[in-house]
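First the structure, in the form of structure tokens, and then the observations on it.
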Amino acid sequence: MATKRHKSIAMPLANCVLFCGSSPFRSVDMKKFFVISMTLIVLILVLPVQSQAQDRVRSVNVGGTPLVPDNLVNGPVPRLPDGKPDLTGPWMGGGSNADIEREGGLKPGELPLLPWAKELRDKRKEEDEPYTACLPMSVPRVNPYPWKFAMSYTSKGLTYIYILHETGDAGAHRVVYMDGRKHPDDLLPTWWGHSIGSWEGDTLVIDTVGYNDKFWFDSRGTPHTEKLHTIERWTRINYGTLINDFTLDDPGAFSKPVHLKFTAKLMRPDLDLMEFICLENNQVGLAGGYAPGTGTSNTTDPKTNK
Numbered sequence: 020m021a022t023k024r025h026k027s028i029a030m031p032l033a034n035c036v037l038f039c040g041s042s043p044f045r046s047v048d049m050k051k052f053f054v055i056s057m058t059l060i061v062l063i064l065v066l067p068v069q070s071q072a073q074d075r076v077r078s079v080n081v082g083g084t085p086l087v088p089d090n091l092v093n094g095p096v097p098r099l100p101d102g103k104p105d106l107t108g109p110w111m112g113g114g115s116n117a118d119i120e121r122e123g124g125l126k127p128g129e130l131p132l133l134p135w136a137k138e139l140r141d142k143r144k145e146e147d148e149p150y151t152a153c154l155p156m157s158v159p160r161v162n163p164y165p166w167k168f169a170m171s172y173t174s175k176g177l178t179y180i181y182i183l184h185e186t187g188d189a190g191a192h193r194v195v196y197m198d199g200r201k202h203p204d205d206l207l208p209t210w211w212g213h214s215i216g217s218w219e220g221d222t223l224v225i226d227t228v229g230y231n232d233k234f235w236f237d238s239r240g241t242p243h244t245e246k247l248h249t250i251e252r253w254t255r256i257n258y259g260t261l262i263n264d265f266t267l268d269d270p271g272a273f274s275k276p277v278h279l280k281f282t283a284k285l286m287r288p289d290l291d292l293m294e295f296i297c298l299e300n301n302q303v304g305l306a307g308g309y310a311p312g313t314g315t316s317n318t319t320d321p322k323t324n325k
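Sequential numbering from 20 applies to the sequence shown in the working numbering.
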């Protein structure tokens, strides 16, 4: 059979060199032949193992959350042509989601909510979550989802920074004005507010006011008012880590300003954000049999309610 005839090519040659006794080859030629034969044997045995190892590396990089490998995280911070740190990303994390108190580094009960705000949080129900109705999560809650910075330059230099989000909002993007403008006096309250940015050394500082009071800080329902003022201090401390030192000041809902800290991890830079469509008053889920506000299947017919 073919498999028996080709069981080993190198071994009979090596055996002959070692055990055949007299040989027409000179001793030097025999040594060269032996070295070549043993090299072939090693290559035959090792190459498949190396190929399998490479496959494992590729599968680790692709599988699960595609963050950069641990051995690259502590590398140097990449720089833009103007010398500022490149914050582009894409990033995962850097904000709250389930519990702003815990995820921001505070102890249970340490969030200084005013009595009315704590009572409202305790009364809120999961099915009332604005996000499940395709309404924006806003700051800082949206950041646990994939997102990235996009720099916009004009002849005057860096003019805008856009913060783009893959999921969590209806085509979500924030605009941070980097051209030195101030907050307007007559702001119309919006989901994202009005953001102005500046650099303090290698830290991007984003100052935002003009929020509406419709979004939740977390899935617990932590509230705020239109007096909310936030300051984000984004610092890329190494190749794979971005720190958000977050200050929340809302005298309408909190007894004092709150300082929180969130960490974002770099996703593989060769990846881009995927399209995500979610629009306010979206009826697609209802038509498909999903209960609004829960994200779970509805056992009743949405047309007959039976």
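Ideal placement from N, C-alpha and C gives every residue a C-beta, glycine not left out.
In terms of CA proximity to P242, L267 leads the group L267, Y258, L125, I225. With at least 16 other beta carbons inside 10 angstroms of its own, W211 counts as buried.
With contacts defined as CB atoms closer than 8 angstroms, R121 and G240 fail to qualify as a contacting pair.
In this structure, the beta-carbon distance from G114 to R160 falls below 8 angstroms. Under a 10 Å Cβ-count criterion, G102 is classified as exposed, with fewer than 16 other Cβ atoms of the shown protein chains found around its own Cβ. Spanning the alpha carbons of G199 and E129 requires a straight line of approximately 36 angstroms. Note: G240 is not bridge-paired with any residue in the DSSP secondary-structure output. Judged by their CB atoms, D221 and T254 are nearer to each other than the 8 angstroms cut-off. In its chain, beyond the 5 residues on either side, S115, I119, R160, H243 have a beta carbon closer than 7 angstroms to the beta carbon of F236. Contact annotation, S171 with Y181: C-beta distance approximately 7 angstroms; criterion of less than 8 angstroms satisfied.
The beta carbons of H213 and V228 sit about 6 angstroms from each other, so the pair counts as a contact at 8 angstroms. Residue nearest to V195 within the set L183, I296, D204 is L183 (criterion: CA-CA distance). L279 sits in a strand when the DSSP states are folded into three classes. In the same chain as F168, and ignoring 5 residues on each side of it, the C-beta atoms closer than 7 angstroms to its own belong to L106, T107, G108, I180, I182, in chain order. Secondary structure note for L91: its alpha helix (DSSP H) is the uninterrupted segment 89 to 92. Secondary structure at P149: helix, using DSSP grouped into helix, strand and coil.
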